[in-house]
Amino acid sequence: MTTSMSSTQIVNSSTDALNPVNNSSNDAANRSIQFRNQSYDDFNLPNQGFSLQNHGFNLPNQGFSLQNHGFNLPNQGLNIQTHGFNTQNQGLRSFNQGFLAQNPGFSLLNRGFSSLNQDSQRQEALSSQHHHHHHHHEHHHVIAIKSLLPATTCSEFRTRGKKGTLLPVFHKDGPCSPLSTVENGPKPQNYTHALIKDQSRVQSIHSRISKGGVSIEPEEARLPAESAADFGSGNYYVKVGFGTRKRDLPLIFDTGSDLTWIQCQPCLGGCYEQSDPIYDPKKSSSYSNIPCNSTECTQLKSATGHLPSCMNSSCGYSITYGDGSYSRGISAHENLTITPSDTFPNFRFGCGQSNGGLFRGTAGLLGLGRDNISFVSQTSNKYKKVFSYCISPSSYGFLAFGDSSSVKQFTPLLTDKRDPSFYFLNLTGISVGALKLALSPSTFSLSGTIIDSGTVITRLPSSAYAALRSAFKHAMKSYPRAPKFDFLDTCYNFTGLKNVTLPKIVFHFQGGADLDVHKSGILVETTGESQTCLAFIANKDARGVTIIGNLQQQTVEVVYDVAGGKLGFGPGGCN
């Protein structure tokens, strides 16, 4: 471990927590000095209060008088400047900033102290002696190579006493999914298709946001359904009950869209293959079409990007997605059942008679955006516009409604007028290991940041990606590299290794909410252990919005308090 490493560790872990003390009362100064009460567990000095014993130089904590062999330094206006002592250096910035720098009349850049400071080896010894082991654990993950492969067995479902209404979440091709039998078990990942699909979703989000409003994609952009690869917009689903008598249908949930729709009989324009029989509205006593001259019909444009049409005096809808998937049909009302006690009569949804694309296996889509037709808006009386989800690489995750109590630290949810249904956040920084990347404050604010349940791999502005990549490569320099894979340009060959040590990656958001990326969301195995790549991609266009993808959200409970205008992350939600 090098000195510079330990110094950056201190600088970076502390700067966020610091508030310069501006206070003439020495008691207040002392309170600020009690490192343990701040985020200074990091600086694990053995004495409780902060009495640094060095060359018989003792600082007791009462009232702050420096006693040195009976020599008493009064605190009024005493300002001893140090010469040639660079406070930015050797891990001391945290001392000087948090410790006191701005206390009137008393500047601790004191020559007496610098005997402790200048000796960087001693600083180093102090830091490694007390928490070399602790430090390692704090800024790194050790990950078993075999855990990077897709799980083949389903671990049991645990939710840690989560309140509110809870639905299990399945990965469409995951080990717990009842649907993967449609495609005969979890299939090997075809990452080329998956990445193309993910990229087309990203491009569609970018064009929606740059144009303002839902993008109208050309029909030709459609990928063949065979490339319904395992990761992409269609990957996580829940089961929801439709109609009377209720039919439980698997729906992909998507925070990036608003309209909820399912495939319906008759399939006039063709339906894709799904695991359950296709819904027949004639068999439900609670189904009714929405007439085309109603307000409910005209409201569809904001949610779909297309003007509604009239089909035999019923309201027709049409929606296309960035990956070329589409649904067209009749806008209707139906009873929606989430749990036996949570039913929603007259829920507005699309009964799709012509559907295609990457939803294969599932029956349709649950729209969790912010438009007034979304599930979140239509169930607001019951669930108060609060939902959360947790997606797991190896087990069930969950989608929960109505409870945000599991999270304490929130960041404001922002609305961007270019597309008000997306969930925008203010991303302020990224840390890799102990290092906070040196990025200009405008890096993320220029294009904005959304969190999206349907994009897989996080997209970053190219300058942020370059900084992340270089810090990651530095931390991984002892591992052999592998060639790049499509959009993934930083890859390693882990053949023959049991474990690898990865630097932690943490996203920092306004208000102090941190997304600590789970170790399963840092790398992705593209062709087995001989090629495992960093799971982040740079946006080519500087105006392209930053997207926090679902791979980086794994195992974290992501809580959307839409009514309260805030979002939070609860670690260890479902792993």
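Quick note: the sequence shown, position 414, residue 414 per UniProt numbering, numbers continuous.
Just so you know, even glycine gets a beta-carbon here, dropped at the ideal spot from N, CA and C.
Since we're looking at a predicted model, the values are computed, not measured.
Check: Would threonine 490 and glycine 549 qualify as a contact pair, given that the criterion is a beta-carbon distance under 7 Å?; Outcome: no
Check: Under the three-state reduction of DSSP, which class applies to aspartate 514: helix, strand or coil?; Outcome: strand
Check: So what does valine 562 bridge to, in DSSP terms?; Outcome: According to DSSP, valine 562 bridges with nothing at all.
Check: Specify the secondary structure class of glycine 521 as computed by DSSP and reduced to three states.; Outcome: helix
Check: Is alanine 467 closer than 7 Å to leucine 435 when the C-beta atoms are compared?; Outcome: no
Check: Select from Leu488, Ser421, Asp561 and Lys519 the residue whose C-alpha is nearest the C-alpha of glycine 402.; Outcome: Asp561
Check: Consult DSSP for cysteine 533 and reduce its assignment to one of helix, strand or coil.; Outcome: strand
Check: Who are the Cβ neighbours of threonine 443 in its own chain at under 7 Å, not counting the five residues just before and after it?; Outcome: Pro461, Ser463 and Ala464
Check: Would you kindly work out how many angstroms separate the C-alpha atoms of glycine 568 and valine 559, rounded to a whole number?; Outcome: 5 Å
Check: Please determine if the segment 405-424 and the segment 338-349 are in contact, where contact requires at least 3 C-beta pairs separated by less than 8 Å.; Outcome: no
Check: In terms of alpha-carbon separation, which member of Glu138, Leu148 and Lys477 lies closest to serine 394?; Outcome: Leu148
Check: Among residues of its own chain, excluding the 5 on either side of arginine 543, which ones have a beta-carbon nearer than 7 Å to its beta-carbon?; Outcome: Ser210 and Ser447
Check: Our contact map puts asparagine 499 next to alanine 482 with C-beta atoms below 8 Å; I'd like the distance itself, whole angstroms only.; Outcome: At roughly 18 Å, the Cβ-Cβ gap does not stay under 8 Å, so asparagine 499 and alanine 482 are not in contact.
Check: Please classify valine 517: is it buried, with 16 or more other beta-carbons within 10 angstroms of its beta-carbon, or exposed?; Outcome: buried
Check: Please report the distance separating the alpha-carbon of histidine 306 from that of serine 327.; Outcome: 12 Å
Check: Considering only DSSP beta bridges, list what threonine 449 is partnered with.; Outcome: Leu425 and Thr546
Check: In whole angstroms, give me the CA-to-CA distance for glycine 269 and lysine 477.; Outcome: 54 Å
Check: Find out if the Cβ-Cβ distance for the pair asparagine 539, arginine 418 is shorter than 7 Å.; Outcome: no
Check: Taking leucine 399 and aspartate 254 to be in contact with their CB atoms under 8 Å, please state how far apart those CB atoms are, rounded to whole angstroms.; Outcome: The pair is not a contact, with the Cβ atoms about 11 Å apart (cut-off 8 Å).
Check: Sorted by chain position, which residues of the same chain lie with C-beta nearer than 6 Å to histidine 139's C-beta, five sequence neighbours on each side aside?; Outcome: Gly433, Ala434 and Lys504
Check: When the Cα atoms are used, what is the spatial distance from glycine 364 to tyrosine 279?; Outcome: 11 Å
Check: Are cysteine 533 and valine 524 touching if we call contact CB-CB under 7 Å?; Outcome: yes
Check: Does proline 266 come out as helix, strand or coil in the three-state DSSP assignment?; Outcome: coil
Check: Tyrosine 272 and asparagine 355 - do their beta-carbons sit closer together than 7 Å?; Outcome: yes
Check: Within 10 angstroms of the Cβ of phenylalanine 474, are there 16 or more other Cβ atoms? Answer buried if so, exposed if not.; Outcome: The displayed chain sequence assigns histidine, not phenylalanine, to residue 474. The residue in question, histidine 474, is exposed, as its Cβ has fewer than 16 Cβ neighbours within 10 Å.
Check: Whose C-alpha, out of Phe485, Ala513 and Ile537, is nearest the C-alpha of glycine 521?; Outcome: Ile537
Check: Roughly how many angstroms lie between the CA atoms of threonine 415 and proline 277, to the nearest whole one?; Outcome: 39 Å
Check: Express the C-alpha separation of serine 440 and threonine 362 in angstroms, rounding to a whole number.; Outcome: 43 Å
Check: State buried or exposed for residue 582, treating a residue as buried only when at least 16 other CB atoms are found within 10 Å of its CB.; Outcome: As shown, the chain starts at 1 and ends at 575. That puts residue 582 outside it, with no answer to give.
Check: With a threshold of 6 Å on Cβ separation, who are the neighbours of leucine 515 within its own chain once the five nearest residues in sequence on each side are excluded?; Outcome: Phe507 and Phe569
Check: Spatial neighbours of proline 291 within its chain, please: CB distance less than 8 Å, with the 5 preceding and 5 following residues excluded, ordered by chain position.; Outcome: Cys297, Ser313, Ser314 and Cys315
Check: Quickly, what does DSSP pair asparagine 499 with across the bridge? List them, please.; Outcome: Ala144
Check: By the three-class DSSP mapping on this structure, what secondary structure does asparagine 493 have?; Outcome: coil
Check: Report the residue ranges of all alpha helix (DSSP H) runs contained in full by the segment 267-333; include only those spanning at least 4 residues, in chain order.; Outcome: 295-298 and 300-304
Check: If distances are taken between C-alpha atoms only, which option among Lys519, Thr449 and Thr428 comes closest to alanine 513?; Outcome: Thr428
Check: Could you please give me the residues that DSSP links to cysteine 390 through a beta bridge?; Outcome: Phe398
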